[in-house]
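J.:
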Amino acid sequence: MSDVTPKYKGSVLRPLKALANLWREPATLPMEPRPAAPNYRGFHLNDWKLCIGCGTCQEICDNAAIRMVQIPDLPTDAKAGVKPRRPAIDYGRCCWCALCVDICPTGSLSLSREYIHVSSDIDSYFILPDEKGIHGLGFEKGWSKSETSDLLDHQRQEMECLPAEEALSGFGELVPGYDTQAAVLEASRCIQCGMCHEACPTGMNAPEYIRALWQGDREKAVAEIYRTNPLAQVCGRICTHACETACSVGRRGAPVAIRWLKRHAMDSVPPDQIREIAIAGKAEEPSGRRVSIIGAGPAGLTAAFDLAKKGHAVTIYEARSKPGGMMRFGIPEYRLPYHNLDADIDVIRASGVEILCNTAIGRDVSMAQIRGASDAVLISTGLWAARSARVPGTDHPRVLSAIRVLEAITQGEDFGVPRRAVVVGGGNVAFDVARSVARLQKARYGEVAMDVIALEDRDHMLADEEEVREAAGEGIDLFNSWGPKSIQINDGSIVALETVRCISLKDAEGRFHPKYDESTMVSHAADTVIEAIGQSADTSYLGKELVEALEWSRGRLKIDRAGRTSEPWLWAAGDMVEGPDVVHAIAAGHRAAASIDEVLAHMAVKPGNVA
Amino acid sequence: MTSQRASVPAQLDHILHEMSEVRVTPKGERRVRVDLAADRLPTLLQLLKGHGGFLHLSSISCVDWPETDEFELVYHVWSYESKMLISAHTLIAKSPGRFVSVYDIHAPAGFYERDIHEMYGVHFEGSPNLNKFILTSWHGPPPMLKSFDTRAYVDETYAWRDYNPQWLKDIAAKGGGIEE
Amino acid sequence: MTLSLLAELIVMPLIAFVVGLALVLMMRRVRARIERRIGPPLLQPVYDIVKLYAKRTQVSHGIMHDLAIVMLLGGITTSVCFLPVPGLEGLARQGDLLTLVYLMMVPMLGLALGVGSCANPNGSIGISRALTAMLAYDVPFVFVVIGLAVAYGTTSLPEIIAHQQSGGIATWGAAEMPLLAIAGFIAMHAMLGKEPFEIYVAPAEIATGPMAEMSGKYMGALFVMQSFQLYTIGALYVTMFLGGGENWLTFLMKLFAVVFVSVALTNVYGRYKTDKVIRFMWTWPTGIALAGLALVMMH
Amino acid sequence: MRPENYKPVRHPPSHEYELYFGPNHPGIEGNYAIRVRLKGDVVQEAITDAGYLHRGFEKIMEERLWVQNVALVPRICVPDPVPMEESYARAVETLGGIEVPERAQWIRVLMLEMSRICAHLFTFGGNAATIGLYTNMFWGVTMRDLFLDIFEEITGARIYHMYITPGGVRRDLPDGVLDRLAAVLDELERKKPEFDDLFFENAVVINRATGVGVLTQAQALAWGVTGPNLRACGLAHDVRRDDPYLVYPALKFDIPTATSGCSLARMHVRRAEVEQSVRILRQVMERLRTVGGPVRAHLPNPLAWNVPAGEAYARTESSKGELAFFAVSNGGPKPWRIQVRGPSQMHGVQVLERILEGARIEDVAQIMFSLDACPPEIDR
Amino acid sequence: MSENAGSRNPLQLRDQPETCRTADAEERSAWQRVIGRFADNCRARSLFVLHYCTGCGAIELPPTITSRFDMERVGVSPMVTPRQADILLITGYVALKTLKRVILSYEQMQAPKYVIGFGSCTINGGMYWNSYATIKQLDQYIPTDLFIAGCMPRPEAVQEVFLELMRMIDAGKANAWRDYYRNYDHYLANQQALFGPQWHTPTDIVAEAKHYGLMGPGTTGPHTRLLDQHAEWALDRIPEDYPERGENERSER
């Protein structure tokens, strides 16, 4: 503490010292504008090669100074999350806070060191920044993105995962889903750019339901989900999430866990309420039209749900004992518990869809009968015929197809749990079967002895990264870049699978044509070989007549964009016509349903169909 | 800096004992929140000033709560002796929106009451000067009310600039343009 | 004779104006240097005045306002004619020091008339302060003038100059009557209206006072007046105390030196309050002037 | 020559008259007005008139996201923007329970003290200009500009830094900036005797400022005066010490006071504060060379950041006195209410009106500048 | 004295072609053209800036005027009252209350006069685009010669705007002030839209326009006719709105 009260009267002479400045150099700077500091916040620069047009800069802008401009001749790529638009800046609004730079998910925006713009032309204050700057003078970058300056939350909320030991002990679900807090935090990471919506095959309103979740309005989230997806429990667990690939946040950090958020929304709303939300908006009057759907897989169920909501009478014919198709019989329970699938199907049933199980076409009911009873027929029977590598020994009975093994596990049938098994294939199915069988091995023998042989190298695996990682944790050995050569059979039982090194997968034209280095050979001891190298459609149930009447293209049924075949009453959707996954099947189901509905609307009601 | 004190400081406790129906919440090392009924507030300020050395009225804040149709008035008083800030919260009904002035206890209240009167329309009985101050050219409702939508007012009153630079004309010619 | 006088009456104000502009430039440059900057370009005073006279619109506050400007410009040009410079005597022999002192008050009175009709309270305060200041500095100045008159036995400026030039520096007024020279300098500084006596412009207090309502050509007239004022007061001091001008070179050197000192000092002091200015002027310079007068009387 | 529209303005013929100081007046700090009723040269009554800089800050802050307001807050007080950023950030941090990394705290103190020096240098200049000593204004502003260069280097902007953000600061210090700051501080200390000679010990200045605009300690306390103006009346109160924030408890500095409470005392307190700020800056620079770590806490996506409901009152010692932000959150992405308690709201309005009464007209501007009222802070 | 720092010729036209100067009626003869050219030349080199801090951009004016950037080296100096000034700097946002003073100040200035809008706020509302208290486009209320981008513009940018204005004046292009006379009705309409139909200023722009021969197609119109209605009234008493009288009286203490 110090008292600084002046005690003196001052001096008249001391100020005269200031006159010394008459002989000193002035402090004045030259007239030329000085170069600005290295992180100066001058006019905007935008690297058009990096910019994806997400519009986050527009969102964060305090002053509504940023407008997105559609530029038709720019490249666009929905799958990769690129929109043909660029930000334009209004220098009648901008305050140079550089929040746009700090939030830019790609880091394309930065501020330059240029700071002089003087004009009487008002229009010159609205600019479309590019790499060269406002006057094209090529000023250096000033304030730009650094590793630590990001405003976005780049870290995903941790999703717990069962430890490998526990996971192996049964078919319990691997991930428990987010709790409410984690879900809200994760939802808050979303920047609402809508890239996911564009990338999603079925165009889910992800930004909307994420925003609703963040606001704590789960019912609204569910409603948003049901606008485009009646299999949300399923998709919330096993979707291949093209949305997350396109997610802008993922450009520099981890993408928003859109799939888990969808799952959280579905898990946190009671089934009754979901049902109520889902069938809200169902046509009150029956339309009097009847649609038959063959195959209760994702495409069929989706189409059925859509059509039922429009008021049509829908019947699904399912050959297996339970509906769900590949979702039930192809995907292991630890990834998609059956009760969740059942919940989705219950909602679909609640919308008025009739599902007839154990009803195979050609066996229990004929195609002609169905056609006769319906105004339109949709076939969505999937791919159930397994492909084989056809190397020596694949005709052995202990060479199993993955799809049969998975089906048997679901059905609870005993297919003879192998002591040592080799799975051939590098896709998700390979891992599904490997991990399912591993669980059975663990239960029966107390240890896992499972090799997975993949043609692809580690960096180009078809399977999801997390699948590969978790499988390794569960004691499954992965062998990359190996192809099956032959199966060693001794005394009628398999002893080993011999593999050779795969050098290249594709030929010069990019077609699948693996080349092997025959000199390297590795033998995998096994008593069972499971092949997971693809499936094909079995269309024999259609009947010879119909098969001949329909148009085909390269062995696949020829359909138009909406899924309509060359027969005006027949539509096809799902894996059997276009792959590869559940969400695509759902999208195809929607398209087919829309098309059917449109056609039916112009069709006279068959007498006797009115309920 | 953020350590939470377990209880109200003894000295303060002593003062607040004389008041009934006062809820005291320590909010930090030097912050105490006090909730009380509106009619008790002048007494509290008087007591705090007299016995606690809370001489400095740091400010009066007003918060509009449209759901309950109430204004929350917060009186922040600081003591140079115990180095503590007490925020006394009280709620008053939006209509008629009248309250007593504490100008006679704390002179700085003159400014804040005038400001709140201007921005929220609360009338302080006995305040020395409630004439318009900042908003002499303003003829609308008290602007800080939540019911006053500044964005809507601006949209209605002012026009936004319609830029049409050459680059935008070029893009428009190709079929693009500003997104709404 | 009459013709040459007429020519002198035209040439003298012109010279005064040009030299005055140079003095204004010096003032601004000196100020700039003390403030550690470069300052205006060479022709800046000219640009300013031409710009002000080239204004397209002009507000006037009545006939008195217009007349005042005429009076102001008339006063300053006339006073210049009474100031002898090397080779030009003008009306110097027709009038004397006292005439000049009176004439120098005319512009200020003219300004007062004009400002009074502007009805700007800042202007009114300013002009009342200006008159107060005049009252303040005229007291010591009158003593200084009396001192000179006593010392030289005349109030005729050419004679005063002749007397001072008779014996080199030793016979300069400043050398013979240093006290009066000091008092005279302070009074002159106050006449220029410079800090610490700059009470009637005082931008921060009364928004440049008398100039507040002056625009365009009127402001131009004030700028012209400023340059004349610097010249007149500087030249008067040179005439009174620094031996006048033997030739143009020495005259200008002395003139610039005197004004330089004054305009340099102004930049290192703040301004006094009005009452303090009066008190100061009536004590220190007046005291010094009286002492100087006493010394002169004793000799 | 005369437009036809000329109409004489009538004035009340009286020895009492009114004079408008401002808003367009060089004796006014910023865009502000004082209407004074004069009798002779003596002010009978002074009425302040604000609102020329009213932008409705408190209203538009409610319309913007918590992070967007970072850009808005420094604009509340132009000459001294950093304490605004700091106060706002701290209010949000208190609400959100955010821990500021240590390095960021040191950087913030660096910014705050630099801003204080800038503001004081500006005030010295303005104060000198009111009494016609323009040289000091030119020097003060020029010296301040050296600090602005450092600001520009650190924050990318000269005046509105928008640098302190809830959770820390937006960027780490650039390399070598501390050395350059040290050079500027050396320059300031080198120039200090010149400022002293020209201004603080100038007989004319002391004559003009002594005993002008006197505020007694009792008056100051009763009228809610804070900051240097309060300290000039002898009360050593400083928010930095008495209600400490950031790392101020770890710093050594004095709280200069004066006793006379006049204009001159206020200026000398400020002068001593500049010295103390330099002292603080030296300590901070020392520490910043060793303290590492992040400069910003991990925060949620600003577009969807719900700050927990509650209220916070963040006080900061700005160059003008006690600055406080009262922030209320209803748990939403935007503030529910932000109130700005600027120190000038006290000494720029009621106190100014009070102490102008009886002052001479010459002193009006000088008193306003010596109180260092900041009109944008009053208007908001 | 060192001239090196001021070496750049401020009047060097950068990329402005020598377009036809807007010839005034009186500038017809060659002699008058020479005079006009000379006047423009001097006008460009002597700019008095009104010392009015309308907004936050004013904080960069002291640096611009003072030693480091020393605008006096190109002839720019601050002036205290509008009567004396040539340039009105609108340094940023303009609150309603300030706008009234800005208009009054502008009308008190003597032509040719120039207005420079500082920063975003004067162009399209800037930071305060959604504030009820500020105007959004300065040039709706007074004609503006130049704008500077920035929030706020640096001294170098301010320096540049002065140089640019000098170039414009020198080329006879800075004529926004004429627009105020020629289209007064338009400006008055916008002013009245904000301040109500009672709005008027002590300066009679229409009369001035007549007096100086600056009448244009839009000088008079429906809005200026409103002014006539108030003329009588205005003579009798000081208008209520200027300056804020009566509204601010302190109640008896």
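Chains as they are written, first to last, in the working numbering: chain A, 246 to 856; chain B, 14 to 193; chain C, 4 to 302; chain D, 492 to 871; chain E, 13 to 265. By construction, the Cβ of each residue, glycine as well, lies at the ideal position given by its N, Cα and C atoms.
1. State yes or no: is the C-beta of Ser768 (chain D) within less than 8 angstroms of the C-beta of Ala800 (chain D)?
2. For chain A, find out if any of its Cβ atoms is closer than 8 angstroms to the Cβ of Arg31 (chain C); answer yes or no.
3. Please classify Thr146 (chain E): is it buried, with 16 or more other beta-carbons within 10 angstroms of its beta-carbon, or exposed?
4. Nearest-angstrom Cα distance between Val420 (chain A) and Glu405 (chain A)?
5. Between which residues of its own chain and Arg780 (chain D) is the CB-CB distance below 8 angstroms, once the five residues before and five after are set aside?
6. So Met91 (chain E) is in the beta strand (DSSP E); what residue range does that whole segment cover?
7. When you compare the segment 218–227 of chain C with the segment 163–180 of chain C, are there three or more beta-carbon pairs, one atom per stretch, that lie closer than 8 angstroms?
8. Below 9 angstroms on C-beta distance, what does Arg174 (chain B) contact in chain E?
9. Counting only beta-carbon atoms, is Arg208 (chain E) nearer than 8 angstroms to chain D?
10. Hey, which unbroken runs of the alpha helix (DSSP H) at 4 residues or more fall wholly within the segment 531–564 of chain A?
11. Among the residues of its own chain, which have a CB less than 7 angstroms from the CB of Ala562 (chain D), if the five just before and after it don't count?
12. In terms of alpha-carbon separation, which member of C:Leu183, C:Met67 and C:Ala215 lies closest to Trp287 (chain C)?
13. Shorter than 8 angstroms from the beta carbon of Pro517 (chain D) to some beta carbon of chain C?
14. Taking the DSSP output, what are the residues bridged to Asp696 (chain A)?
15. Can you list the residues of chain E that Val21 (chain C) reaches, using a CB-CB cut of under 9 angstroms?
16. Between which residues of its own chain and Ala803 (chain D) is the CB-CB distance below 6 angstroms, once the five residues before and five after are set aside?
17. Please list the terminal residues of the continuous alpha helix (DSSP H) segment that includes Ile297 (chain A).
18. Out of A:His847, A:Gly417, A:Leu382 and A:Arg434, point me to the one whose CA is closest to Gln400 (chain A)'s CA.
19. Spell out whether any CB of chain C is found under 8 angstroms from the CB atom of Pro283 (chain A).
20. Going by the CB atoms, is the gap between Leu245 (chain C) and Phe146 (chain C) shorter than 8 angstroms?
21. Could you check what DSSP says for Cys568 (chain D) in three-state terms: helix, strand or coil?
22. In chain order, which beta strand (DSSP E) runs of at least 3 residues are fully inside the segment 45–89 of chain E?
23. Strictly under 8 angstroms for the Cβ-Cβ distance: is Asn725 (chain A) near chain E by that measure?
24. Could you have a look at Asn735 (chain A) and say whether DSSP puts it in helix, strand or coil?
25. Closer than 8 angstroms, CB to CB, is Leu373 (chain A) near chain B or not?
26. Under 7 angstroms Cβ to Cβ from Ala510 (chain A), same chain only, skipping five residues before and after it: list those, please.
27. Might you give, ordered along the chain, the residues of its own chain that have their beta carbon closer than 8 angstroms to the beta carbon of Arg456 (chain A), omitting 5 neighbours on each side?
28. Taking 8 angstroms as the threshold (C-beta atoms), are Met449 (chain A) and Cys299 (chain A) in contact?
29. If distances are taken between C-alpha atoms only, which option among B:Pro109, B:His119 and B:His152 comes closest to His136 (chain B)?
30. For Met313 (chain A), does the three-state DSSP call read helix, strand or coil?
31. Check the DSSP bridge columns for Trp816 (chain A) and list the partner residues they point to.
32. Mapping the DSSP letters down to three states, classify Ala502 (chain A) as helix, strand or coil.
33. From this set, D:Val786, D:Pro574 and D:Pro747, which residue's C-alpha is nearest Ile659 (chain D)'s C-alpha?
34. Got a sec: is the Cβ-Cβ distance from Thr80 (chain B) to anything in chain A below 8 angstroms?
35. What's the gap between the Cα of Leu75 (chain C) and the Cα of Ser82 (chain C)?
36. Name the residues in the segment 111–129 of chain E whose C-beta lies less than 8 angstroms from a C-beta of chain B; which are they?
T.: Quick look at the numbers:
1. no
2. no
3. buried
4. 6 angstroms
5. Leu669
6. Val88 to Met91
7. no
8. Ile135, Asn136, Gly137, Lys148 and Gln149
9. This sequence places Gly at residue 208 (chain E); Arg is not what is there. No, its Cβ sits nowhere closer than 8 angstroms to a Cβ of chain D.
10. 543–554
11. Met653
12. C:Leu183
13. yes
14. A:Val667 and A:Asp722
15. By Cβ distance, chain E contributes nothing, its closest Cβ being about 17 angstroms from Val21 (chain C), past 9 angstroms.
16. Ala582, Thr585, Leu586 and Ala818
17. Premise fails: Ile297 (chain A) is in no alpha helix (DSSP H) and is neither H nor E.
18. A:Arg434
19. no
20. no
21. coil
22. 59–62
23. no
24. strand
25. yes
26. Tyr454, Leu458, Arg463, Ala466, Val467 and Ile470
27. Ala432, Cys435 and Gln437
28. no
29. B:Pro109
30. strand
31. A:Leu623 and A:Arg809
32. coil
33. One detail in the question is off: residue 659 (chain D) reads as Gly in this sequence, not Ile. It is D:Val786.
34. Note that residue 80 (chain B) is Glu in the sequence shown, not Thr. Chain A contact via Cβ: absent.
35. 11 angstroms
36. Lys112
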